[in-house]
Amino acid sequence: MAKGRLPAYLKEWYEKFEEEHGVFSNWESLKTELMERLKVTMERSIARAKLQALRCTEALGVEKYNEAFSQLVGQLPHLWEEDVVEDYIKGLPNSIALDVAKAKTHTLLEIQKEATEIEAFLSSRAKGFS
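Be aware that the sequence shown starts at 56, since it is given in my numbering, and climbs by one per residue.
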């Protein structure tokens, strides 16, 4: 059977699919399901790459960074919270990331709130010096 020629990750998918839905009746149905699976995998890979490349710039600001980051996370179900938080902190400017990393917060929403507050504090402090 063609299953022997599939890469490991597709063999797992194939076996799970077969267990849940039964054996494929013909090549076309297998091909259709494989194409859908690969499409989802590619879309997920692209969204994950965008998430890891996203950076909070001074022009963007933390609020808009939070929106963009949350939108990408929404496209990626089944992510571990720790990985999401790590990616989020990596995208922050160093001046904010260091303080956020020290905070005793653990969820993305808590970290985002902390980053917003730190940005506001730094901004008000900078205005006080001008």
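Ideal Cβ positions, reconstructed from N, Cα and C, are used throughout, including at glycine.
Quick caveat: nothing in here was measured; it's all calculated off a predicted structure.
Neighbour-count burial assignment, residue i, 16 or more Cβ in a 10 Å radius
{"i": "LEU153", "result": "exposed"}
{"i": "GLU174", "result": "buried"}
{"i": "ASN121", "result": "buried"}
{"i": "ILE101", "result": "exposed"}
{"i": "TYR69", "result": "buried"}
{"i": "GLN126", "result": "exposed"}
Residue i vs residue j beta-carbon contact at 7 angstroms
{"i": "GLU169", "j": "VAL155", "result": "yes"}
{"i": "THR160", "j": "VAL117", "result": "no"}
Range covered by the alpha helix (DSSP H) that runs through residue i
{"i": "VAL117", "result": "116-129"}
{"i": "THR87", "result": "82-108"}
{"i": "HIS76", "result": "63-76"}
Close beta carbons around residue i, own chain, < 8 angstroms, minus the five adjacent residues each side
{"i": "GLU103", "result": "Before going on, a small fix: residue 103 reads as Arg here, not Glu. Answer for ARG103: LEU131, listed in chain order."}
Neighbourhood of residue i by C-beta, 6 angstroms cutoff - its chain only, sequence neighbours within 5 removed
{"i": "ALA158", "result": "GLU169"}
Self-check item: Meets three-Cβ-pair contact criterion under 8 angstroms: the stretch 80-93 and the stretch 137-148
Solution: no
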